[in-house]
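Undergrad: Next up is a structure, given as structure tokens.
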Amino acid sequence: MEVILQNLTKKFPSRDRKNRKDVIAVNDFNFEIPDGKLIGLLGPSGCGKSTTLNLISGLLKPTSGKIFFGKDDVTDLPPENRGIGLVFQNYALYPHLTVRQNILFPLQNLKGKDKLSKSEMLKRAEDAAKLVQINELMERRPGELSGGQQQRVAIARALVKMPSVLLLDEPLSNLDARLRLQTREEIRRIQKETGITTIFVTHDQEEAMSISDLIVVMKEGIVQQIGKPQDVYDNPSNLFVAKFLGTPPINVFEGRIQNGQLYIGDNAVLHTGNVSDRKVYAGIRPEGFLLQDDGPLCCELGGMEVMGRDISVVSRNKASLNPAIRSIIGTDNKIDMSKTDIRFSLVPRKVFLFDRETEERIDFT
Amino acid sequence: MKKKLQNSGLKAWLYLLPAILFLGIFMVYPLIDVFVYSFEEGYNSASQTYWGVGSYNYSYVLHDPYFLQAVKNTFLLVIITVPLSTGIALLISTGLCSIKPLRNLFQTIYFLPYVTNTLAVGLVFMILFKKTAYSDGFINLIISWFGGNSVDFIDGPYWAKMFVLCFYTIWVVMPFKILILTSALSSVNQEYYNAARVDGTSRFRIFMRITLPMIAPMIFYLIITGFIGAFKAYSDVVALFGTNLNAAEMNTIVGYVYDMLYGDSGGYPSYASAAAIILFAIVLTITCINLLISKKVRR
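Chains as they are written, first to last, in this note's numbering: chain A, 2 to 366; chain B, 6 to 304.
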């Protein structure tokens, strides 16, 4: 089912005595989430992504704006009537109930015409458990499970009543690195198998990029950019999005445009075509640097980190906003560590220009 | 390495020493002493002499009608007040936790009895229940409004006196229970409630299936301490009915022990010890049963 958010806004009253202004957690959010897709809500902590999720779930009421599930306006519906499954960051499994009882819990709440027979409930619980591969652990209690297993139980509990929308709040943040990789594949698989529209919240850009069909980047309650992960990475709409996506992060330089050239320091590094003269920020992805002995960008060589697949060169430049510039080059390049300087040429499509004032993207050809 | 271990063991005992000494002198030794007295017939604490050793003290106490009355009173008090006070406290604290405005005010009001002076409380109960030359007491006033006959709650029929005692006991223990339960209730993670809400769980079911099991350890704690406290009731009874409890048919087991030691008919430390050991056995049994049940329920 598609989920449509229309001018969705949530304000919280300020607790600060000196500053009475409301805190705007979500500001005029407009988005149409297509049916059967996996959406990642991405942003730094405090950007309003969990609030957005809670608004969709109905645990919070929006200050203004509307939420539609398909054609139905659900803005004023309580959470239980929205047909959603919600997985909490800390799983919120009932510790005194077994896995089976936990998964059965939502089914036992059904009343009237939706009421299921006992055998039907058990079958549904068994199916949900099989889907997330925990059917061997049905008699255990949550305290006897590992973090990853608890996560699966929480997903099974959310899926068992066959929701039309599945919401996951920071689903991987309590897992260790290895389990995180495994579980995110798992979430992707479950989403594909069930075809349920799934929205998940994360502050980890890698996580969002790797499994989402679409990502929504948020900052201070305002949507910065919505798009396919690769598109957003390749075409960030502003400096914030560019900085937020990618590991190692993008390298940002203070630069200026003069006579159709981008200057970093005194080096003219790139032709920028029709852009008028002004001061800019230049963002260069780590993979946008090419080693070249007579390349236009000259940096002070700092060190080298070998990571097997490729080499990360650490260097310094006065114009750089990051303390160290990280550029990634293939292992077939040889670097002479005895030199003090290193020179690069740049890959034009890995270089982004941003206005100094607005930090918005400036297109160049 | 071995030496070091032994050394640290010694240190541990040294740290434990003050507590062990204290408990030993004031708890364990008297307990053993009372146990010994309870088998020494006709023990005289002034001359430190006794006639012989045997179970006569127990047989005397168990055949004493005053003691049987005291046991009956104590058991009635326990059985009525512990479940009632815990239940009402649970209701009030659930209510307290579900209101937002004025919550702190109500919490303070419910906690006031705990910090109020016993004498002031006694005075309030006197105004409520006691018949004087000027009035029949506030409760009787209400009864007569509804056309009932006034009842003498302090010197009247047994059930009336029992009612006052239970009422008083429940009222006195309530603040502490409410305090414990409200803090237990507010420590239940909000996410459980959110999860239950998303699943459309009714309020009653949330309370029965989530809230109650979550705060069960605290409830068991309150029940066990409530049982023990009610079995040891004495001062409240004296405050309500005066010192001649046997005549008022309102004696408790602790009251009986006290009377046997210091009361008008007192001076029998052997009987007092036997009664005290019987009380100890009762409390121990009940506590063990409680613990067993709580363990079974939590499994």
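Every residue, glycine too, gets a C-beta built ideally from N, C-alpha and C.
Small disclaimer: the values here were computed from a predicted structure and weren't measured.
1. Hey, could you find the ends of the beta strand (DSSP E) N268 (chain A) is sitting in?
2. Can you name, in chain order, every residue of its own chain whose Cβ lies under 8 Å from the Cβ of L132 (chain A), other than the five neighbours on each side?
3. Based on DSSP bridge pairs, tell me the residues matched to L6 (chain A).
4. Tell me, please, whether the CB atom of I34 (chain A) is closer than 9 Å to any CB atom in chain B?
5. Where are the beta strand (DSSP E) runs, 3 residues long or more, that stay fully inside the stretch 211–259 of chain A, in chain order?
6. By the criterion of Cβ-Cβ separation under 7 Å, what are the contact partners of E145 (chain A) in chain B?
7. What separation, rounded to the nearest whole angstrom, lies between the Cα atoms of D278 (chain A) and V253 (chain A)?
8. Tell me whether C293 (chain B) is buried or exposed, calling it buried when 16 or more other Cβ atoms sit within 10 Å of its Cβ.
9. Taking the beta carbon of A125 (chain B) as the centre, do at least 16 other beta carbons fall within 10 Å, making it buried, or is it exposed?
10. Looking at V178 (chain B) and G127 (chain B), is the spacing between their C-beta atoms short of 9 Å?
11. Hey, would you say L180 (chain A) sits closer than 9 Å to F201 (chain A), going by beta carbons?
12. Is the beta carbon of Q112 (chain B) less than 9 Å from the beta carbon of L101 (chain B)?
13. Exposed or buried, what is T359 (chain A) when buried is set at 16 or more other beta-carbons lying within 10 Å of its beta-carbon?
14. If you measure between the beta carbons of T86 (chain B) and S240 (chain B), is that distance less than 9 Å?
15. Output the boundary residues of the alpha helix (DSSP H) element that contains S147 (chain A).
16. Look at the Cβ atom of Q152 (chain A), then the Cβ atom of L182 (chain A), and state whether they are nearer than 9 Å.
17. From the DSSP output, read off the bridge partner residues of F355 (chain A).
18. Residues of chain A with a CB under 7 Å from the CB of I215 (chain B): which are they?
19. Can you name the start and end residues of the alpha helix (DSSP H) that L110 (chain B) belongs to?
20. Is any beta-carbon of chain A found at less than 9 Å from that of S149 (chain B)?
21. Start and end of the alpha helix (DSSP H) containing E121 (chain A)?
22. Do you know offhand how far N79 (chain A)'s Cα is from Q90 (chain A)'s?
23. Do G289 (chain A) and K351 (chain A) count as a contact pair if the criterion is CB distance below 9 Å?
24. Identify which residue in B:L19, B:S278 and B:L67 has its Cα closest to the Cα of D38 (chain B).
25. Would you call the stretch 176–194 of chain B and the stretch 42–49 of chain A touching, i.e. three or more CB-CB distances under 8 Å?
26. One question on the structure: do N78 (chain B) and T257 (chain B) come within less than 9 Å of each other, judged by their Cβ atoms?
TA: Based on what the coordinates show:
1. Element bounds for N268 (chain A): N268 to H272.
2. A157, L160, I191, E194 and T195
3. In the DSSP assignment, the residues bridged to L6 (chain A) are A:F32 and A:I68.
4. no
5. 215–220, 223–228 and 252–259
6. Under the 7 Å cutoff, chain B gives no residues; its nearest Cβ is about 14 Å from E145 (chain A).
7. Answer to the nearest angstrom: the Cα atoms are 19 Å apart.
8. exposed
9. Counting the other CB atoms within 10 Å of its CB gives A125 (chain B) a total below 16, which places it among the exposed residues.
10. no
11. no
12. yes
13. exposed
14. no
15. It is not in any alpha helix (DSSP H) - S147 (chain A) carries neither H nor E in the DSSP assignment.
16. Contact: no.
17. According to DSSP, F355 (chain A) bridges with A:Y282 and A:R362.
18. Y95
19. R108 to V120
20. At a cut-off of 9 Å between beta-carbon atoms, S149 (chain B) makes no contact with chain A.
21. It spans K119 to L132 - the alpha helix (DSSP H) in which E121 (chain A) sits, taken as one unbroken run.
22. Residue identity check: residue 79 (chain A) is Pro in the sequence provided, not Asn. Going by the C-alpha atoms only, they are around 21 Å apart.
23. yes
24. The candidate whose alpha carbon is nearest that of D38 (chain B) is B:S278.
25. With a cut-off of 8 Å, the stretch 42–49 of chain A and the stretch 176–194 of chain B do not count as touching, because too few Cβ pairs lie within range.
26. yes
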